[in-house]
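If you use the UniProt record's numbering, the sequence shown closes out at 102, no skipped numbers anywhere.
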Amino acid sequence: MVREDGKRNFALRESDGDESSVFSGNTPRQAALKAARRLDPASSEDAADRTELRLREKGTDKVHIYDGWAWNETAPDDKPDWMPNEITEANVSKQGIEHLDE
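Below you can see the structure in the form of structure tokens.
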């Protein structure tokens, strides 16, 4: 279901089917990046463990499947005052789409 502002809601599904968190974004990838930033960050992108993220689009039976990973990185020199010196970066790679049979 698309909201008035064009964003869609995606529920993060656990392996048991529980949906504890909801992320919004214009695209599934945008929501997956938000979810990936909540993963336990590694010291570098190369050292980061890939974790499967399953996002069900609210109002549909589509489940978008991504591999996500997060790592810590030094903030840029021109960062705003409120930003910490170390920030969490994330990336995702789409693995496919499944349709629920429920």
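By construction, the Cβ of each residue, glycine as well, lies at the ideal position given by its N, Cα and C atoms.
Please read these numbers as outputs of a predicted model, since none were measured by experiment.
Thinking C-alpha only, which one of P76, R8, G68 and H99 is nearest A47?
By one-based count along the sequence shown, residue 47 stands at place 47. The shortest C-alpha separation from A47 is found at G68.
Alpha helix (DSSP H) runs wholly inside the segment 9-77, at least 4 long, in chain order
28-36
For L12 and S20, believed in contact at Cβ under 8 Å, the rounded distance
As a position in the sequence shown, residue 20 is number 20, starting the count at 1. As a position in the sequence shown, residue 12 is number 12, starting the count at 1. Their Cβ separation, rounded to whole angstroms, is 7 Å, which keeps S20 and L12 in contact under 8 Å.
Residues that E98 bridges to, as DSSP identifies them:
Position 98 of the sequence shown holds residue 98. Per DSSP, V63.
On the criterion of 16 or more Cβ atoms from any shown chain inside 10 Å, does K94 qualify as buried, or is it exposed?
As a working mapping, residue 94 is identified with position 94 in the sequence shown. That one is exposed.
Are the beta-carbon atoms belonging to K62 and R54 less than 8 Å from one another?
On the sequence shown, residue 62 is found 62 positions in, with the first residue counted as 1. On the sequence shown, residue 54 is found 54 positions in, with the first residue counted as 1. For K62 and R54, no; Cβs fall outside 8 Å.
Distance, I87 Cα to D40 Cα
If you number the sequence shown from 1, residue 40 lands on position 40. If you number the sequence shown from 1, residue 87 lands on position 87. The alpha-carbon atoms of D40 and I87 are separated by roughly 12 Å.
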